[in-house]
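Chemist:
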Amino acid sequence: MSSASKKTKNQKKVVRDPNVVSADAKLRRKPVYKSFRLHKAIKPHRPSIATWWELIGMSLQLMKANRRALFTFTLIYGILNILLVRGLNSPIDFTELQLVYEDIFGGSVDALTTSLTTFGLLLGASADAGGDLAQMYQSILILLGSLAIIWLYRQQQAGNNVTMKDAFYRGMYPLIPFILILAVIGLQSLPGLVGNFIYTAAISGDLLFGAFEHILMITMMVLLIILSLYMMSSSGIALYIATLPEMTPLHALREARELVRHRRLVVLTRFIMLILIVLFLLFVITVPIIFFAPAFAPWVFFLSTILAVPFVHGYLFSLYRELLA
């Protein structure tokens with residue numbers, strides 16, 4: 032037998048050896064990852080996500096590109112809020128608030144303290160909108176307005192020239208998947224709500240006597256809140272996936288989990304920064320008005336909350352597109 036035929040035979044034996052795994056097969060093998068289990072460090076080969084500051088700029092660019100449609104949205108959304116939710120009266124009686132402070136502080140009222148307290152009352156009044164029926168109308172308006180804004184941003188990014196009327200008419204088709212994913216987010220928030228309820232009940236019932244009990248209860252509450260935020264970080268992205276045509280809620284949730292895989296902490300940080308940014312902007316805009324022209328403060332706050340809707344969706348829509356990159 033010639034040496035060439037022996038070499039070919041040996042090569043075939045090496046290739047057929049089951050103990051030998053090629054380097055290409057190792058590269059193609061994807062690491063298996065499951066939540067809440069210990070794993071070796073997995074280095075994801077994915078581009079970095081834009082910072083919260085860059086996401087703010089992207090949101091403002093989206094608002095600027097759709098400024099005419101958003102002006103129409105502000106008018107429609109504001110009028111419906113006034114008619115169905117808020118009414119024409121201010122949720123806070125500033126004269127009565129001033130008298131209460133004068134009684135408490137003996138006639139000398141710190142204007143800055145009054146402004147900060149009034150800002151807190153405005154936040155509470157916007158969250159508790161005058162009765163169950165008004166809160167139901169408010170939820171419906173936020174839901175429909177969110178669907179319209181998301182559809183508008185997606186069409187604009189696709190290069191289509193659309194109006195706000197088109198957004199309200201044609202952007203409502205994913206209503207059921209959107210509501211179902213909101214229901215999932217509500218279920219995921221239960222651990223945090225339960226932790227907050229237990230801590231509040233323990234405090235109000237005088238069940239915590241020492242520092243150790245307080246620290247233990249606060250730790251439990253924080254861990255439960257983190258658990259809720261951990262789960263909600265992907266479901267929030269699923270809301271934007273669910274607005275795609277022919278998309279089911281379960282498929283949207285699976286796609287969202289895949290998008291945030293190995294990047295969930297970064298996404299969670301961007302969500303937390305969004306909450307802090309919105310509160311900071313409302314504070315910076317409203318408090319000077321409360322300080323110098325308190326009669327206009329409720330209306331300025333009301334307009335700011337309306338503009339916060341397209342800003343928030345612009346931020347989250349930009350985050351969603353960053354995850355797709």
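Just so we're aligned, residue 32 is where the sequence shown starts under this note's numbering, counting upward by one.
Quick reminder that beta carbons are idealized off the backbone N, C-alpha and C, glycines included.
Being a predicted model, the structure only gives us computed values, none of them experimental.
(1) Between Leu305 and the rest of its own chain, which residues show a CB-CB distance below 6 angstroms, the 5 nearest in sequence each way excluded?
(2) Go to Ala269, then tell me how far its alpha helix (DSSP H) extends in each direction, as first and last residue.
(3) Give me the Cβ distance between Leu255 and Gly217, rounded to the nearest whole Å; I'm assuming they're in contact under 8 angstroms.
(4) If Ile272 and Glu286 are in contact, beta carbons under 8 angstroms, what's the gap, nearest whole angstrom?
(5) Hey, would you say Leu270 sits closer than 8 angstroms to Phe209, going by beta carbons?
(6) Between which two residues does the alpha helix (DSSP H) harbouring Arg116 extend?
(7) Let me confirm a value: His344 is counted as buried when at least 16 other C-beta atoms fall within 10 Å, else exposed. Which label applies?
(8) Is it true that the CB of Val309 sits closer than 8 angstroms to the CB of Ile180?
(9) Between the alpha carbons of Gly236 and Ala328, how many angstroms are there, rounded?
(10) Using 8 angstroms as the limit for Cβ to Cβ distance, is Ala324 near chain C?
(11) If you draw a straight line from the alpha carbon of Tyr200 to that of Leu178, how long is it in whole angstroms?
(12) On the premise that Ile321 lies in contact with Ser335, defined as a C-beta separation below 8 angstroms, what is that separation, rounded to the nearest angstrom?
(13) Helix, strand or coil for Pro205? Go by DSSP, reduced to three states.
(14) For Val295, which of helix, strand or coil comes out of DSSP?
(15) Would you kindly work out how many angstroms separate the C-alpha atoms of Arg185 and Ala96, rounded to a whole number?
(16) Sorted by chain position, which residues of the same chain lie with C-beta nearer than 6 angstroms to Leu93's C-beta, five sequence neighbours on each side aside?
(17) Reducing DSSP to helix, strand and coil, say where Ser220 ends up.
(18) Counting C-beta neighbours from all protein chains within 10 Å, is the total for Thr250 16 or more, i.e. buried, or is it exposed?
(19) When DSSP labels each residue in this structure, what does Gly176 get in the three-state scheme?
(20) Does the beta-carbon distance from Val291 to Leu354 come in below 8 angstroms?
(21) Measure the alpha-carbon distance for Phe314 versus Leu338 and round it to whole angstroms.
(22) Would you check if the distance between the CB atom of Val297 and the CB atom of Ile80 is smaller than 8 angstroms?
(23) Where does Asp163 sit, in a helix, a strand or coil, going by DSSP?
(24) How big is the Cα-Cα spacing for Phe333 and Phe240?
(25) State the CB to CB distance for the pair Ile212 and Leu284, rounded to an integer number of angstroms; the pair is presumed to be in contact (CB under 8 angstroms).
(26) Rounded to whole angstroms, how far is the Cβ of Arg301 from the Cβ of Trp84, which I believe are closer than 8 angstroms?
(27) In its own chain, which residues sit with a C-beta less than 6 angstroms from the C-beta of Thr274, not counting the 5 before and 5 after it?
Modeler: Here's the rundown:
(1) As a working mapping, residue 305 is identified with position 274 in the sequence shown. These residues qualify, in order along the chain: Tyr346.
(2) Indexing the sequence shown from 1 puts residue 269 at position 238. Element bounds for Ala269: 242 to 272.
(3) Start at 1 with the first residue of the sequence shown, and residue 255 comes out as number 224. Start at 1 with the first residue of the sequence shown, and residue 217 comes out as number 186. Between Leu255 and Gly217, the beta carbon gap of about 15 angstroms keeps them out of contact (Cβ cut-off 8 angstroms).
(4) Reading the sequence shown from its first residue, position 241 is the one you call residue 272. Reading the sequence shown from its first residue, position 255 is the one you call residue 286. Taking a contact as a CB-CB distance under 8 angstroms, the pair Ile272 and Glu286 counts as one, their CB atoms being some 5 angstroms apart.
(5) In the sequence shown, the residue the question calls residue 270 occupies position 239. In the sequence shown, the residue the question calls residue 209 occupies position 178. Taking 8 angstroms as the cut-off, the Cβ atoms of Leu270 and Phe209 count as close.
(6) If you number the sequence shown from 1, residue 116 lands on position 85. First, the residue type needs correcting, since residue 116 is Val and not Arg in the sequence shown. From DSSP, Val116 is part of no alpha helix (DSSP H); its letter is neither H nor E.
(7) Stepping through the sequence shown from its first residue, residue 344 is reached at position 313. Around the beta carbon of His344, a 10 Å sphere encloses 16 or more other beta carbons of the protein chains shown; the residue is thus reported as buried.
(8) Residue numbering aside, residue 180 sits at position 149 when the sequence shown is read from its first letter. Residue numbering aside, residue 309 sits at position 278 when the sequence shown is read from its first letter. No, Cβ-Cβ distance for Ile180 and Val309 is not below 8 angstroms.
(9) Taking the first residue of the sequence shown as 1, we reach residue 236 at position 205. Taking the first residue of the sequence shown as 1, we reach residue 328 at position 297. Cα atoms of Gly236 and Ala328: separation of roughly 37 angstroms, rounded to the nearest angstrom.
(10) Reference to chain C is not applicable here, since this structure consists of a single protein chain.
(11) The residue labelled residue 200 in the question sits at position 169 within the sequence shown. The residue labelled residue 178 in the question sits at position 147 within the sequence shown. Spanning the alpha carbons of Tyr200 and Leu178 requires a straight line of approximately 10 angstroms.
(12) For the purposes of this step, residue 335 is taken as the residue at position 304 of the sequence shown. For the purposes of this step, residue 321 is taken as the residue at position 290 of the sequence shown. That belief does not hold up - the Cβ atoms of Ser335 and Ile321 are roughly 12 angstroms apart, past 8 angstroms.
(13) Stepping through the sequence shown from its first residue, residue 205 is reached at position 174. Looking at Pro205 - three-state DSSP - the assignment turns out to be coil, as it is neither helix nor strand.
(14) Taking the sequence shown and counting its residues from 1, one reaches residue 295 at position 264. Inspection of the sequence shows that residue 295 is occupied by Arg rather than by Val. Of the three classes helix, strand and coil, the one that applies to Arg295 here is helix, per DSSP.
(15) Counted from its first residue, the sequence shown places residue 185 at position 154. Counted from its first residue, the sequence shown places residue 96 at position 65. Straight-line Cα distance between these residues: approximately 12 angstroms.
(16) Residue numbering aside, residue 93 sits at position 62 when the sequence shown is read from its first letter. Answer for Leu93: Tyr184, Gly345, listed in chain order.
(17) Translated into positions along the sequence shown, residue 220 becomes position 189. Ser220 falls in the coil class under three-state DSSP.
(18) Along the sequence shown, read from residue 1 onward, the residue named residue 250 stands at position 219. The residue is exposed, with fewer than 16 neighbouring Cβ atoms inside 10 Å.
(19) The residue given as residue 176 occupies position 145 in the sequence shown. It is helical.
(20) Taking the first residue of the sequence shown as 1, we reach residue 291 at position 260. Taking the first residue of the sequence shown as 1, we reach residue 354 at position 323. Taking 8 angstroms as the cut-off, the Cβ atoms of Val291 and Leu354 count as close.
(21) Counting from one through the sequence shown, the residue named residue 314 turns up at place 283. Counting from one through the sequence shown, the residue named residue 338 turns up at place 307. When rounded, the separation of the alpha-carbon atoms in Phe314 and Leu338 is 14 angstroms.
(22) By one-based count along the sequence shown, residue 297 stands at place 266. By one-based count along the sequence shown, residue 80 stands at place 49. Their beta carbons are under 8 angstroms apart, which means Val297 touches Ile80 by this criterion.
(23) The count along the sequence shown starts at 1 and reaches residue 163 at position 132. DSSP, reduced to helix, strand and coil, places Asp163 within a helical segment of the structure shown.
(24) Numbered from 1 along the sequence shown, position 302 holds the residue referred to as residue 333. Numbered from 1 along the sequence shown, position 209 holds the residue referred to as residue 240. If I take the Cα positions, the gap works out to 43 angstroms.
(25) Translated into positions along the sequence shown, residue 212 becomes position 181. Translated into positions along the sequence shown, residue 284 becomes position 253. In this structure Ile212 is in contact with Leu284, their Cβ atoms being roughly 7 angstroms apart against a cut-off of 8 angstroms.
(26) Working through the sequence shown from its first residue, we reach residue 301 at position 270. Working through the sequence shown from its first residue, we reach residue 84 at position 53. Rounded, the Cβ-Cβ distance is 11 angstroms, inconsistent with contact.
(27) For the purposes of this step, residue 274 is taken as the residue at position 243 of the sequence shown. Non-local C-beta neighbours of Thr274 in its own chain, meaning closer than 6 angstroms and more than five positions away in sequence, comprise Ile181, Pro205, ordered along the chain.
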